[in-house]
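Our numbering numbers the first residue of the sequence shown as 37 and each following residue consecutively. From the three backbone atoms N, C-alpha and C, an ideal C-beta is built for every residue, glycine too.
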Amino acid sequence: MKLIRFGEPGKEKTGIIIGNKKYDTSAFGEDYGEAFFEADGLARLAYFIEDNILPEVADGVRLGSPLARPSKIVCIGLNYADHAKETNAVPPSEPVIFMKATTAIVGPFDDIIIPKNSKKTDWEVELAVVTGKKASYVSEANAMEYVAGYVLHNDVSEREFQIERGGTWDKGKGCDTFAPIGPFLATKDEISDPHNLGLWLKVNGKTMQDGTTANFIFNIPQLVSYTSQFMTLLPGDIISTGTPAGVGLGMKPPLYLKAGDVVELGIDGLGEARQVVKAYNKII
């Protein structure tokens, strides 16, 4: 299945994509969040879809994040050797973990707002893994049993905040609008091999990133298992698996986003997203 949420920010309804059409599943009565996944929501939703005639969603309706706000977004740093090299970092011997604020979540076509006092806002296309059930001290052998599906994620990053403001990566990762997610959540059965997906990102029509998840340093079972050794993953939580080479920080000279830029990105089987960059405005 391909799950969507649509409508005004904060008032999203649930839906699903069948073929090339979007359908409203709000009569199911549950948002796509922790309680939904915890109570075998995917299976129950499948039965609901079979047994009901669903109204179509009108073209042009805003898409929100396909997930209701999860308890956490866990991000993996430097998980592609080419990205580590371009940022002059040593490829890690263990996964690098940092957190991204859930208040950063926006829809896949919403604007990216450059934060107040930002000079180095950057882009990162990433495959994000959605957990389907509570995970603690999970083994690598069993890790895929805890995966519900996958989403496209732009891990927008402010490099000065991240690197030059005391060494805490989270400060450069959790700004408002810094986690565009979607357009849809593809359940695990929709993606035959998550370790062989092309992913790309363009800025103003120019390709900046063009990579493949085949170049992971740590694969998805390793990341799920490793993360679960340090924190309990709840249903609906996100693990964002890192970005390939081509970020603005790695260019010579570095290149960062400015108001008016257009960011487009996509992953095989997970659709495409587009965000317009806008300057911070205290009224927002």
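Legend entry - C-beta atoms of ILE303 and LEU235 nearer than 7 Å: yes
Legend entry - Among ASP67, GLU194, ASP60, GLU300, nearest to PRO144 - alpha-carbon criterion: GLU300
Inset, instruction - Determine the burial state of ALA171: buried for a count of at least 16 other Cβ atoms within 10 Å of its Cβ, exposed for fewer. - result: buried
Inset, instruction - Compare the beta carbon distance of ILE141 and VAL313 with 7 Å and say whether it is the shorter of the two. - result: no
Legend entry - Candidates LEU270, ARG310, GLU92, VAL260, of which the one nearest GLY55 by Cα: It is GLU92 whose Cα lies nearest to the Cα of GLY55.
Inset, instruction - Starting from ASP118, follow the alpha helix (DSSP H) in both directions and report where the run begins and ends. - result: Note, ASP118: alpha helix (DSSP H), 117-122.
Inset, instruction - Helix, strand or coil for LEU39, going by three-state DSSP, please let me know. - result: strand
Inset, instruction - Can you check DSSP and say which residues form a bridge with PHE134? - result: CYS111
Inset, instruction - Return the first residue and the last residue of the alpha helix (DSSP H) that THR263 is part of. - result: Boundaries of the alpha helix (DSSP H) harbouring THR263: 256-264, taken from the DSSP string.
Inset, instruction - Take the Cβ of ASN115 as the centre, count every other Cβ of all protein chains shown within 10 Å, and call the residue buried at 16 or more, exposed below. - result: buried
Inset, instruction - Report buried or exposed for MET244, applying the criterion of at least 16 other Cβ atoms within 10 angstroms of its Cβ. - result: buried
Inset, instruction - Mind checking who GLU226 pairs with in its DSSP beta bridge? - result: Paired residue(s): none; GLU226 is not in a bridge.
Legend entry - Nearest-angstrom Cα separation, counted from ILE256 out to HIS231: 8 Å
Inset, instruction - Report all residues from its chain with a CB closer than 6 Å to the CB of LEU233; omit the five preceding and five following residues, and keep chain order. - result: THR249, ILE303, ASP304
Legend entry - Whole-angstrom distance between GLU308 and THR322, CA atom to CA atom: Nothing can be reported for residue 322: it is not among the residues displayed for the chain, which extend from 37 to 320.
Legend entry - Stretch pair the stretch 45-53 + the stretch 151-165: three plus CB contacts closer than 8 Å: no
Inset, instruction - Return helix, strand or coil for ASN178, following the three-state DSSP convention. - result: helix
Inset, instruction - Please confirm whether ILE40 and LEU90 have their CB atoms less than 7 Å apart. - result: no
Legend entry - Complete alpha helix (DSSP H) runs within the stretch 146-176 (minimum length 4 residues, chain order): none
Inset, instruction - Compare the C-alpha of GLU181 against each of THR213, VAL165, VAL239 and name the closest. - result: VAL165
Legend entry - Cβ shell of LEU291 (< 6 Å), same chain only, five flanking positions each side left out: GLY284
Legend entry - Sequence-distant residues of the same chain with beta carbon closer than 7 Å to ARG195, five excluded per side: LYS156, ASP158, GLY208, LEU285
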